[in-house]
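The sequence shown begins at 5 in this note's numbering and counts up by one.
Using N, Cα and C, we set each Cβ at its ideal position, and we do this for glycine too.
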Amino acid sequence: MIESIEILPPLGFGRVGPSRTPCDGYTWGPNDLHPRGTGKTTIRPAETLAVAADGTVTGSVPATVTFKDATGWRPVAPFFELHGRWTLNGRTESGPLTADVLAASGLSPGDLRWRIEVANLKAFHYTLDDGDRVAATLELRGDDTAVHPLPGVSPSGAGRPLVPAGRNVPLGAVQVTRPTAEFPELRIRFTPAAGNVYGPADLPQRSSAFVLPADRLILDPQATWCGFRLTGDPRTNPGGLFAGGADQESLGLVDDVCDGLIRCTLPGVGTAVARIVVGPPDFAPDRRPFTSIADGLTDRVRREDVHDPSYVADEETTTREVQDLLERVLETMENVNVDAQNDRARAENAAIARARSLPEADAEGATFDLPGSILSRTLPLTEAGRQRHRRFLALEVMEDLLREQPDLIDRVVRAPATDDRYYDRRMPAMMRGSDRYPMHLTRRQFDLLQQWARQLRSRIEEGT
5 MIESIEILPP LGFGRVGPSR TPCDGYTWGP NDLHPRGTGK TTIRPAETLA
55 VAADGTVTGS VPATVTFKDA TGWRPVAPFF ELHGRWTLNG RTESGPLTAD
105 VLAASGLSPG DLRWRIEVAN LKAFHYTLDD GDRVAATLEL RGDDTAVHPL
155 PGVSPSGAGR PLVPAGRNVP LGAVQVTRPT AEFPELRIRF TPAAGNVYGP
205 ADLPQRSSAF VLPADRLILD PQATWCGFRL TGDPRTNPGG LFAGGADQES
255 LGLVDDVCDG LIRCTLPGVG TAVARIVVGP PDFAPDRRPF TSIADGLTDR
305 VRREDVHDPS YVADEETTTR EVQDLLERVL ETMENVNVDA QNDRARAENA
355 AIARARSLPE ADAEGATFDL PGSILSRTLP LTEAGRQRHR RFLALEVMED
405 LLREQPDLID RVVRAPATDD RYYDRRMPAM MRGSDRYPMH LTRRQFDLLQ
455 QWARQLRSRI EEGT
């Protein structure tokens, strides 16, 4: 008897792309840390699943990872797998549900009911007009293995729907897989849309800056979004995150990214829920952010473990965490034009100072000095930063610095939740967070660095 079900992963990420072939599977390998190495994380091909038109799954490991083909970027199309807990012949087991497990409980894949609800609410987020919602809802039997598109439409009862009746913004597609002996698991695949932009029918009269094919000029020019004007209430920080004219009036553009819920119901057992989030292509797949979604979630549920003496005393674990963080810091650095960011930060500091009636020169001086171009070094701050951070991948260098300078982390790493709006030289330098304040590590990451440094200094030989 099946007692419970769940969908894994509970949160999946898709990426748009016009290619009809999903991106190959891959994993991150170790950094290239040879003396003349790049310092970058290596990309390794991994098992890649392909789904035929009838839902049959085949697997292979590609020789190389292909991110882009002749058609364009390949979409990242995640699978969601149904897992559960069941008891048969007095024995309780858990894991992926299969047709055999269902059959042992008198059920079949056709008894499953999948429900997909995705939406693009960017326009609605600004206007709060229901007519500016773009959403798609689909219900499927568990044995329906055809490909089903997700046409995004506006509510039919809205006074002025952004997407007129008979039109739609494609938000991707889903396909339930057909269980086989080789791949018996019960899965559904979400394939994101192409990454297109759609506009109102009168876009050519509104702006010459955005040229869209005629078949994508489908939105209603009279919808609230197509005349929305930003007037002191940006709703999103930083404000102005939409295409508009000089008067901040929206041009009425909508893209085909979305997010939403994937549900699976098994009669008599319950409903499992997962989330899907779709974004743009990953233009630097070999560079990891120094603060990932996993870091953010861990900060919320396991923040205190870095203050446990036994956790910090586990030198191997904490050192691996710090080493991984420093590797990701370098990868982020190699993805950033520090010189351009420094210029932006100086301008933003000056603007903040003006608003506070404070000297602009002092605010600008909090950023890095402006070095001149040296021969072929057209981005001197960027190159200097990369060289310095690459040194820290030899962890002994960082350890020696922390032993010699007890206040190093407090002095050069920005503490979380500070109220200072000015950008300065503390790490991560010149980067802006989602709240428009200077970016920082998570509290857990910052505290881990501090606790790790204290542990290092506790083992310093007296007098050295």
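In this structure, the straight-line span from the alpha carbon of A357 to that of G244 is close to 22 Å. For W77, there is no enclosing beta strand (DSSP E), as DSSP marks it with neither H nor E. Cβ contact annotation for D73 (same chain, cutoff 8 Å, sequence separation greater than five): S23, T25, in chain order.
By the Cβ rule, the region 398-413 counts as touching the region 450-457, because three or more pairs are nearer than 8 Å. Taken through DSSP and simplified to helix, strand or coil, Y130 comes out as helix. Taking a contact to require three or more Cβ pairs closer than 8 Å, the region 221-232 and the region 72-91 do not qualify as touching. In this chain, T102 is not harboured by any alpha helix (DSSP H), its DSSP state being neither H nor E. Around the beta-carbon of M337, 16 or more other beta-carbon atoms lie within 10 Å, marking it buried.
Between I266 and A278, the C-beta gap is smaller than 7 Å, which places the two residues in contact. One thing to note: P113 has its Cβ no nearer than 7 Å to the Cβ of D148. Boundaries of the beta strand (DSSP E) harbouring E121: 117-124, taken from the DSSP string.
Between P168 and D260, the gap from beta carbon to beta carbon reaches 7 Å or more. Counted as a single uninterrupted DSSP element, the beta strand (DSSP E) harbouring E143 occupies residues 138-145. Under the three-state reduction of DSSP, Q252 is assigned to coil, being neither helix nor strand. Of the candidates R350, G264, L216, F187, G264 places its Cα closest to the Cα of V282. Taking the C-beta atoms as reference points, L221 is found no nearer than 7 Å to A198. Secondary structure at S8: strand, using DSSP grouped into helix, strand and coil. Below 8 Å, too few C-beta pairs join the region 107-121 and the region 300-314 to call them touching: fewer than three. Between T68 and R48, the C-beta spacing is not below 7 Å. Secondary structure remark: continuous alpha helix (DSSP H) runs of at least 4 residues inside the region 316-367, in chain order: 319-337, 342-359.
Spanning the alpha carbons of A139 and F128 requires a straight line of approximately 11 Å. Between R19 and D286 the beta-carbon gap is near 6 Å, inside 8 Å, which marks them as a contact. Here T322 is buried. Its C-beta has 16 or more other C-beta atoms within 10 Å.
Between A247 and L255, the C-beta gap is smaller than 7 Å, which places the two residues in contact. For the set P420, E319, M5, the Cα lying nearest the Cα of G94 is the one of M5. The continuous stretches of alpha helix (DSSP H) do not include Q409, and DSSP gives it neither H nor E.
Ranking A276, D303, R137, C262 by CA distance to the CA of P284 puts C262 first. Per DSSP, W456 is one residue of the alpha helix (DSSP H) stretching across 447-462.
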